[in-house]
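Position 39 (the sequence shown) corresponds to 77 in this note's numbering; numbering is contiguous. Yeah, the Cβ is synthetic: ideal placement off N, Cα and C, and Gly gets one too. It should be emphasised that the depicted structure is a prediction, and the values quoted were computed from it without experimental measurement.
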Amino acid sequence: MPRRPTIATPSPRTSDTPSPDLSLTALEGWHRALAEAHARCHQPGFTEALIAAIDCLVPTESALVILEDARQAPRLLYQRGIPPEGRDRILGRYFSRGYLLDPFCLAVDQGLGEGFHHLAEIAPDDFFRSEYYRVYYLEAGSVEDCYFLLDLAPGQRISICLYHGLSAAPFTRHELDTLRALAPMVLALGHRHWQTADTPPADASPNPLTDRLRGAFQRFGADRLTEREQQVCRLLLRGHSAKSSARELGISPETVRMHRKNLYAKFAVSSQAELFAIFIDWIDR
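Rendered as structure tokens:
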């Protein structure tokens, strides 16, 4: 079994340096691009104009606009700058099943509020060392994502996902602070456009594929694990450490480690990476 590479938790590149003032040129560009986005509300080209406005103050290499719906799998509405080697993971495997373990999608399911969110604020404590992060983030060209999340109809939201997918660089502290400051305007324009225009209508009927996938995640290991071992297994797959799993389940970290040891033995694996590979193979059946 090859050694699994060490994955460090991403951190801002210049977190200890003061934030530079925005240049007058950048502000002028932002206002011009913002006026263009406003003019394109309810028309083709709105999304490109909105992303271009954001780029005036925080240039980003990759962007996805996704419809998050509680009744079905996420739907991609727009994409820009996905590295070619990552397109299969982003456009294929992620949207067919990979989203089930994504910390952002899980947070949305659990009621994540409207606004600006950074992956490091949402992800479980061990997520950046998880196999999911390696497969669906690093190998797809993303070190970290950030999101503008806006509510539409009940159970339906738009997420604007930004990341540096070509250089695979993390965001600086200043970039994150600037994006957070842009949230009120980005959300206001997004509401004005998507609540009456581009968004596909919500389908009130359950989606059989999504129900099957979510059910499969809940049933994984049911043929060999106890109920508590299944709970620990699901948290482990999502990137929780023993300590955070213990907090979620109301038990001690030592008890979590015991359940982890038992479930590893039952699957004949010795790492989270091996368990993740079995899960992906199982859910593909």
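{"Item": "Contact check, ARG109 vs VAL173, beta carbons under 9 Å", "Value": "no"}
{"Item": "Beta-carbon proximity list for PRO162, same chain, < 7 Å, skipping 5 on both sides", "Value": "PRO141, ARG276, GLY277, HIS278, SER282"}
{"Item": "Inter-stretch contact at 8 Å, needing at least 3 Cβ pairs: the region 255–267 / the region 208–222", "Value": "no"}
{"Item": "Span of the beta strand (DSSP E), counted from its first residue to its last, around ASP189", "Value": "184–189"}
{"Item": "Integer Cβ distance of GLU152 from LEU95, believed to fall under 8 Å", "Value": "About 21 Å; that fails the 8 Å criterion."}
{"Item": "The region 283–296 touching the region 111–118, judged by at least three CB pairs closer than 8 Å", "Value": "no"}
{"Item": "ARG70 burial status per 10 Å Cβ neighbour count (16 or more: buried)", "Value": "exposed"}
{"Item": "Where PHE154 falls: helix, strand or coil (DSSP)", "Value": "strand"}
{"Item": "Through-space distance from ARG211 to GLU123, alpha-carbon basis", "Value": "28 Å"}
{"Item": "Cα-Cα separation, SER309 to LEU88", "Value": "43 Å"}
{"Item": "Environment of THR98 [buried if 16+ CB atoms lie within 10 Å]", "Value": "buried"}
{"Item": "Beta-carbon proximity check, ALA75 vs ALA91, cutoff 9 Å", "Value": "yes"}
{"Item": "Neighbour-count burial assignment, GLU265, 16 or more Cβ in a 10 Å radius", "Value": "exposed"}
{"Item": "Neighbour-count burial assignment, PRO192, 16 or more Cβ in a 10 Å radius", "Value": "exposed"}
{"Item": "Coarse secondary structure for ILE196, derived from DSSP in three states", "Value": "strand"}
{"Item": "GLN93 - DSSP class collapsed to helix/strand/coil", "Value": "The sequence given here has Asp at residue 93, not Gln. Helix at ASP93."}
{"Item": "Which of helix, strand or coil DSSP assigns to VAL307", "Value": "coil"}
{"Item": "Helix, strand or coil at LEU105 according to DSSP, with G and I counted as helix", "Value": "strand"}
{"Item": "Spatial distance of GLY67 from ALA77 (CA atoms)", "Value": "15 Å"}
{"Item": "Residues near THR85 in its chain [Cβ-Cβ closer than 6 Å; skip 5 each side]", "Value": "VAL103, TYR116"}
{"Item": "Spatial distance of MET39 from ALA306 (CA atoms)", "Value": "Low per-residue confidence applies at MET39: pLDDT is 39, beneath 50, and the placement is therefore not dependable, though the value from the model is reported in the following sentence. Using only the alpha carbons, I get a separation of about 13 Å."}
{"Item": "Distance between LEU190 and GLN233 (C-alpha atoms, nearest Å)", "Value": "6 Å"}
{"Item": "C-beta contact flag for GLN72 and LEU227 at 9 Å", "Value": "First, the amino acid is wrong: residue 72 is Leu here, not Gln. Yes. Within cutoff."}
{"Item": "DSSP beta-bridge partners of LEU114", "Value": "ILE104"}
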